[in-house]
Amino acid sequence: NPQPKPQTVDNGTAPNAEDSVDKTGLPEGTTVTWKTNPDVSTPGNHPTVALVTYPDGTVDEVTVPITVKEQKDTFNPTAKQPGQTA
1 NPQPKPQTVD
11 NGTAPNAEDS
21 VDKTGLPEGT
31 TVTWKTNPDV
41 STPGNHPTVA
51 LVTYPDGTVD
61 EVTVPITVKE
71 QKDTFNPTAK
81 QPGQTA
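The sequence shown maps to residues 1 to 86 in the UniProt record's numbering.
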């Protein structure tokens, strides 16, 4: 069975389904899509089901752990004093 590849993403940035499942050893032509789009609007852990579709039409479901970073981890403004450059 295909194995999930845990993803850590910035707030509001959806991970690519193809990158979320280890396709090693799977038949050529296998595709990965989200069953439902991951919730990346709130920080925290959001396990999301990926659909692994094989060339023969069979499908496996894989639950992928997705971690959404806190916004403060992704937004770091640089303060400047008047007359200084950052």
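Yeah, the Cβ is synthetic: ideal placement off N, Cα and C, and Gly gets one too.
Residue span of the beta strand (DSSP E) that contains residue i, given as start and end
| i | result |
| --- | --- |
| Ala50 | Thr48 to Thr53 |
Reference residue i, options the options, closest by Cα
| i | options | result |
| --- | --- | --- |
| Thr24 | Asn45, His46 and Val52 | Val52 |
| Ala17 | Glu61, Glu70 and Lys72 | Glu61 |
| Pro55 | Asp19, Pro2 and Glu28 | Glu28 |
| Ala14 | Leu26, Pro4 and Ile66 | Ile66 |
| Thr33 | Thr63, Val40, Thr8 and Pro43 | Thr63 |
| Pro38 | Lys5, Gly12 and Pro2 | Gly12 |
| Val9 | Gly57, His46, Val59 and Leu26 | His46 |
| Leu26 | Thr36, Gln3 and Thr42 | Gln3 |
Status (buried if at least 16 other CB within 10 Å, exposed otherwise) for residue i
| i | result |
| --- | --- |
| Val49 | exposed |
| residue 87 | Because the chain in this structure spans residues 1 to 86, residue 87 falls outside the shown range and cannot be described. |
| Ser20 | buried |
| Val40 | buried |
| Val59 | exposed |
Segments assigned beta strand (DSSP E), at least 3 residues, entirely inside the UniProt domain "Rib" (1-70): 7-9, 31-34, 48-53, 59-64 and 66-68
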